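Heads up: the sequence lines are chains A and B, in that order. If you're matching positions, the first sequence starts at 1 in full-length UniProt numbering and goes up one per residue. If you're matching positions, the second sequence starts at 1 in full-length UniProt numbering and goes up one per residue.
Protein chains: 2
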Amino acid sequence: MKTLSIKDIAVKAGVSITTVSFIINGKAKDKSISEAVIKKVEKIIKESGYKPNQIARSLRTGHSNIIGLIIEDISNSFFSRIARLIEDKAYKKGYKIIYSSTENSVDKAKELINMFKSRKVDGYIISPIKGIEEDIQVLLTDNKPVILFDRNLSDIDTNYVGSDHFKASYQSIESFIKKGKKNIALVTTDIDVEQIVERLDGYKQALIDNNIPYHDDLVVKIHFNQDENETIEQMKSLFRSKEIDAVLFATNYLAISGLKALKQINKTIGEDFAVIAYDDHEVFELHTPSISAVQQPLEEIAETVIQLILSQLSSKSKLENQQVIISSKLIER
Amino acid sequence: MKTLSIKDIAVKAGVSITTVSFIINGKAKDKSISEAVIKKVEKIIKESGYKPNQIARSLRTGHSNIIGLIIEDISNSFFSRIARLIEDKAYKKGYKIIYSSTENSVDKAKELINMFKSRKVDGYIISPIKGIEEDIQVLLTDNKPVILFDRNLSDIDTNYVGSDHFKASYQSIESFIKKGKKNIALVTTDIDVEQIVERLDGYKQALIDNNIPYHDDLVVKIHFNQDENETIEQMKSLFRSKEIDAVLFATNYLAISGLKALKQINKTIGEDFAVIAYDDHEVFELHTPSISAVQQPLEEIAETVIQLILSQLSSKSKLENQQVIISSKLIER
DNA sequence: TTGAATTAGTAAAACGTTTTACTTTAAAAT
DNA sequence: ATTTTAAAGTAAAACGTTTTACTAATTCAA
Numbered sequence: 001m002k003t004l005s006i007k008d009i010a011v012k013a014g015v016s017i018t019t020v021s022f023i024i025n026g027k028a029k030d031k032s033i034s035e036a037v038i039k040k041v042e043k044i045i046k047e048s049g050y051k052p053n054q055i056a057r058s059l060r061t062g063h064s065n066i067i068g069l070i071i072e073d074i075s076n077s078f079f080s081r082i083a084r085l086i087e088d089k090a091y092k093k094g095y096k097i098i099y100s101s102t103e104n105s106v107d108k109a110k111e112l113i114n115m116f117k118s119r120k121v122d123g124y125i126i127s128p129i130k131g132i133e134e135d136i137q138v139l140l141t142d143n144k145p146v147i148l149f150d151r152n153l154s155d156i157d158t159n160y161v162g163s164d165h166f167k168a169s170y171q172s173i174e175s176f177i178k179k180g181k182k183n184i185a186l187v188t189t190d191i192d193v194e195q196i197v198e199r200l201d202g203y204k205q206a207l208i209d210n211n212i213p214y215h216d217d218l219v220v221k222i223h224f225n226q227d228e229n230e231t232i233e234q235m236k237s238l239f240r241s242k243e244i245d246a247v248l249f250a251t252n253y254l255a256i257s258g259l260k261a262l263k264q265i266n267k268t269i270g271e272d273f274a275v276i277a278y279d280d281h282e283v284f285e286l287h288t289p290s291i292s293a294v295q296q297p298l299e300e301i302a303e304t305v306i307q308l309i310l311s312q313l314s315s316k317s318k319l320e321n322q323q324v325i326i327s328s329k330l331i332e333r
Numbered sequence: 001m002k003t004l005s006i007k008d009i010a011v012k013a014g015v016s017i018t019t020v021s022f023i024i025n026g027k028a029k030d031k032s033i034s035e036a037v038i039k040k041v042e043k044i045i046k047e048s049g050y051k052p053n054q055i056a057r058s059l060r061t062g063h064s065n066i067i068g069l070i071i072e073d074i075s076n077s078f079f080s081r082i083a084r085l086i087e088d089k090a091y092k093k094g095y096k097i098i099y100s101s102t103e104n105s106v107d108k109a110k111e112l113i114n115m116f117k118s119r120k121v122d123g124y125i126i127s128p129i130k131g132i133e134e135d136i137q138v139l140l141t142d143n144k145p146v147i148l149f150d151r152n153l154s155d156i157d158t159n160y161v162g163s164d165h166f167k168a169s170y171q172s173i174e175s176f177i178k179k180g181k182k183n184i185a186l187v188t189t190d191i192d193v194e195q196i197v198e199r200l201d202g203y204k205q206a207l208i209d210n211n212i213p214y215h216d217d218l219v220v221k222i223h224f225n226q227d228e229n230e231t232i233e234q235m236k237s238l239f240r241s242k243e244i245d246a247v248l249f250a251t252n253y254l255a256i257s258g259l260k261a262l263k264q265i266n267k268t269i270g271e272d273f274a275v276i277a278y279d280d281h282e283v284f285e286l287h288t289p290s291i292s293a294v295q296q297p298l299e300e301i302a303e304t305v306i307q308l309i310l311s312q313l314s315s316k317s318k319l320e321n322q323q324v325i326i327s328s329k330l331i332e333r
């Protein structure tokens, strides 16, 4: 069964393609198509189950009602939750989301942007990595709405939604210090993205402000994408060799690996060993003892992102760029 | 800056559009375009950064190199992990994935199928729900490759990849029985999908085969999409009111809620109260005590799905439908 | 009663590709 | 010296829409 085209409908209704198109797009009134014709055509459309070919439509109009979402890794719960929220909200406004993971590869990120571009997505929501500034700039000069989230790119002047990573990190370390911790470690990753750097800066600054010397060897940078077992080994050696009494994990998956490491060396979390994870995760609430975590307000972030992009999409004139910083919450458990 | 079209390239190179098209599509040799022209055109393409408009391409060719993936909920780690694996593998073969969540709504699922259809995706990977049989059948009569996974639809004759839910459930219950458990509960959901039904059947059959009477009130069906707190309350009343010594959770998110419930009523898992979760999750490994789980072989499932769909896509003739059942593993912790 | 305005609708161009069927020139075969 | 074949390339149709500019018929105004 050949799929129906607008032409088939036109023929069946005995009117022109133009007329059908006007009716489909709600412009019938405007273009003075009679009520009778409208009814007749609509009936035929309903009965036949005709659905306009969006590809043809996009080719003609230049837009797609699709928003591209580029994230680091959909299997990371932070991103998958954000993605779900964004998808939900976009869907309600008639937009679809295509998403794809960069896995922190600059090449893949560039490729994704190109793919989205050649598929004529209407806007971009990107959790960016360094090295794609140029590509994003091209989108901007092309007048495409771009919203960065989670991480900012300082060289790029566009919209950004994120939380205050510096502050959250700073406060986490301060909470350790208030509890009398002295040897506070930071386990982070080696990827060079603003949000990770800020977490490191917050760590450093909190130490300095509290007259605790900063020791390079208390900061472990785990190679992104490395095998988890290796990560666990690295952490075990950190936890064993140093007199650490507290550790901040800069991402939730690092914290999870960290918990595994601690379990393996039978080190218990408690009075003399405190832990905070960045980005909450179900594991932390259920862990015994439960684990404190920096909780980013996912719902708010998603809401802001989608609201920003939709207002860009609907406004004909270029809106002013906005930087929205939403506070994180330290959930002490 | 207007975006470049194939025509711009043709003009710049002083050749016809046809020639450029042949070169782009690697048909230059075939169509006897001289080496010199090929080189020249390729150089211009490289320098100008021209990327073919995929929309126009799709309109003309009728395919998109996009595979649609329809799942229940991307924020569920089972699905997000599968999605990531599928995306990865598809990507390597030059296919992109568009995914979207149904949230177990028949209407949304139908809408998604329609959206994918009107966007001319080349194939469909669907974790289906009851009520969309007709829509899937339409895809099939339309000769589109469809792979169902995780759950099968018995009315539909197409490809399916999944694990043996009946068996895994059966074995889980048997393992309880071997440990001397007598009052074994099942916490499941009320959604009417084959995979959930099979888990219930496995539970029942294992009891029967071991001469343990089946009690209706040991099976709790949690309403899908209901607020988690309500779920937790329901579970608390189950765990408190009955003399239960073991419980199988039919999904990982139910198990997580269950663990929260247990924590709230201070019931500890151990000698006289055993737990198994269906679908593994990081929580279970790290929980104290760690929680046994039925582990579906995600990698294998993803691999099989993608391999099936790719072979369908590349073969001109209709291939025979395959039902691939991959065994799950009960991880005893 | 004529010209203007309104109503109801349509023909055809355009979006950017791919692909079929064709042309022209040169080389090879007879 | 003619015909055949091969090499190198191109014109134009087609994919399914949207949209602009148009026509024809009717009504209205003066």
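Ideal Cβ placement from N, Cα and C applies to all residues, glycine included. The model shown is predicted, which means the values in this text are computed figures rather than measured ones.
Query raised in the report: Once you ignore the five residues that flank residue 44 of chain B on each side, which residues in its own chain have a CB closer than 7 Å to its CB?
Result: Once the five neighbours on either side are set aside, the close Cβ partners of residue 44 of chain B are 9, 12 and 13.
Query raised in the report: How big is the Cα-Cα spacing for residue 211 of chain A and residue 275 of chain A?
Result: Roughly 21 Å between the two C-alpha positions.
Requested in this report: Alpha carbon to alpha carbon, how far is residue 196 of chain A from residue 224 of chain A? Give it in angstroms, no decimals.
Outcome: Rounded to the nearest angstrom, the two C-alpha atoms are 12 Å apart.
Report task. Check the DSSP bridge columns for residue 149 of chain A and list the partner residues they point to. Result -> Its beta-bridge partners are A:161.
Report task. Per DSSP, which residues does residue 293 of chain B bridge with? Please list them. Result -> According to DSSP, which records beta bridges pairwise, residue 293 of chain B is partnered with B:277 and B:331.
Requested in this report: Please state whether DSSP places residue 93 of chain B in a helix, a strand or coil.
Outcome: Note: residue 93 of chain B maps to coil in three-state DSSP.
Report task. Go through its chain and collect everything with a Cβ distance to residue 87 of chain A's Cβ below 6 Å, but skip five positions before and after it. Result -> Residues of the same chain with a CB within less than 6 Å of the CB of residue 87 of chain A, apart from the 5 flanking positions on each side, are 97 in chain order.
Query - Chain-order list of residues whose beta-carbon lies under 7 Å from that of residue 101 of chain A (same chain, five-residue window excluded) - result: Counting only Cβ-Cβ distances below 7 Å, and skipping sequence neighbours, we find 71, 72, 73 and 74.
Query raised in the report: Cα separation between residue 289 of chain B and residue 246 of chain B?
Result: Distance between the alpha carbons of residue 289 of chain B and residue 246 of chain B is about 15 Å.
Requested in this report: Under the assumption that residue 146 of chain A contacts residue 139 of chain A (Cβ atoms under 8 Å), give the Cβ distance between them as a whole number of angstroms.
Outcome: Taking 8 Å as the upper bound for CB-CB distance, residue 146 of chain A and residue 139 of chain A are in contact here, some 5 Å apart.
Query raised in the report: What are the boundary residues of the beta strand (DSSP E) that includes residue 250 of chain B?
Result: For residue 250 of chain B, there is no enclosing beta strand (DSSP E), as DSSP marks it with neither H nor E.
Query raised in the report: With a CB to CB cut of under 7 Å and the five nearest residues on each side skipped, what residues in its chain are close to residue 7 of chain B?
Result: Contacts found: 17.
Query raised in the report: Which whole-angstrom value describes the C-beta separation of residue 142 of chain A and residue 63 of chain A, a residue pair presumed to lie in contact below a C-beta threshold of 8 Å?
Result: Wrong, their Cβ atoms sit about 13 Å apart, outside the cutoff.
Query raised in the report: Is it a yes or a no for the stretch 105-125 of chain B touching the stretch 273-287 of chain B, going by three-plus beta-carbon pairs under 8 Å?
Result: Below 8 Å, too few C-beta pairs join the stretch 105-125 of chain B and the stretch 273-287 of chain B to call them touching: fewer than three.
Query raised in the report: What residues of chain B sit near residue 52 of chain A, judged by a beta carbon separation below 8 Å?
Result: Result: 118.
Query raised in the report: Are residue 178 of chain B and residue 202 of chain B closer than 8 Å when you measure CB to CB?
Result: Taking a C-beta distance under 8 Å as the contact criterion, residue 178 of chain B and residue 202 of chain B do not qualify as a contact pair.
Requested in this report: Please look up how many angstroms separate the CB atoms of residue 240 of chain A and residue 194 of chain A, rounded, as I've assumed it's under 8 Å.
Outcome: The pair is not a contact, with the Cβ atoms about 32 Å apart (cut-off 8 Å).
Query - Interface residues of the stretch 270-292 of chain A facing chain B [CB-CB below 8 Å] - result: Result list: 281, 282, 283, 285, 286, 287 and 288.
Requested in this report: Helix, strand or coil for residue 32 of chain A, going by three-state DSSP, please let me know.
Outcome: Coil.
Query - Continuous alpha helix (DSSP H) stretch holding residue 69 of chain A: start and end - result: If you look at residue 69 of chain A, you'll find it isn't in any alpha helix (DSSP H); it sits in the beta strand (DSSP E) that goes 66-71.
Query raised in the report: For residue 89 of chain A, which of A:302, A:333, A:328 and A:321 has the nearest alpha-carbon?
Result: Considering only alpha carbons, the answer is A:302.
Requested in this report: Give me the Cα-Cα distance between residue 3 of chain A and residue 137 of chain B, rounded to the nearest whole angstrom.
Outcome: Here the alpha carbon of residue 3 of chain A sits roughly 15 Å from the alpha carbon of residue 137 of chain B.
Requested in this report: Alpha carbon to alpha carbon, how far is residue 237 of chain A from residue 207 of chain A? Give it in angstroms, no decimals.
Outcome: Each residue's Cα considered, the two are about 23 Å apart.
Query raised in the report: Which residues in chain B sit within 7 Å of residue 115 of chain A, going by Cβ to Cβ distance?
Result: The contacting residues are 96.
Query raised in the report: Using CA coordinates, which residue listed in A:318, A:49 and A:273 is at the minimum distance from residue 183 of chain A?
Result: Closest by alpha carbon: A:273.
Query raised in the report: Can you find a CB in chain B that lies within less than 8 Å of the CB of residue 260 of chain A?
Result: Residue-level contact check: residue 260 of chain A touches chain B, since one or more beta carbons of chain B fall below 8 Å from its beta carbon.
**Report entry** Cutoff 7 Å; reference residue 228 of chain B; Cβ partners in own chain excluding five residues on either side
**Finding:** Around residue 228 of chain B: 257.
**Report entry** Neighbourhood of residue 325 of chain B by C-beta distance below 7 Å, restricted to the same chain and skipping five residues each side
**Finding:** Contacts found: 162, 163 and 164.
Query raised in the report: Among B:234, B:243 and B:248, which residue has its Cα nearest to the Cα of residue 264 of chain B?
Result: Distance check between residue 264 of chain B and each of B:234, B:243 and B:248 places B:234 closest, using alpha-carbon atoms only.
**Report entry** Which listed residue (A:330, A:310 and A:328) has its alpha carbon closest to that of residue 144 of chain A
**Finding:** Per the Cα distances, A:310.
Requested in this report: Taking a Cβ distance cut-off of 9 Å, strictly less, list which residues of the stretch 209-240 of chain B are near chain A, in chain order.
Outcome: Residues: none.
Query raised in the report: Relative to the C-alpha of residue 214 of chain A, which residue among A:226, A:222 and A:200 is closest?
Result: Of the listed residues, the one whose Cα sits closest to residue 214 of chain A is A:200.
Report task. Taking residue 294 of chain A and residue 328 of chain A to be in contact with their CB atoms under 8 Å, please state how far apart those CB atoms are, rounded to whole angstroms. Result -> The C-beta distance from residue 294 of chain A to residue 328 of chain A rounds to 5 Å, short enough to meet the 8 Å contact threshold.
Query raised in the report: Out of B:20, B:181 and B:46, which has the shortest C-alpha to C-alpha gap to residue 34 of chain B?
Result: Ranking B:20, B:181 and B:46 by Cα distance to residue 34 of chain B puts B:20 first.
Requested in this report: May I ask which residues mark the beginning and end of the beta strand (DSSP E) holding residue 123 of chain A?
Outcome: Residue 123 of chain A: member of the beta strand (DSSP E) spanning 123-126, first to last residue.
Query - Same chain, Cβ closer than 8 Å to residue 103 of chain B, neighbours up to 5 away in sequence not counted - result: If we look at residue 103 of chain B and ignore the five residues flanking it on each side, its Cβ neighbours are 72, 73 and 225.
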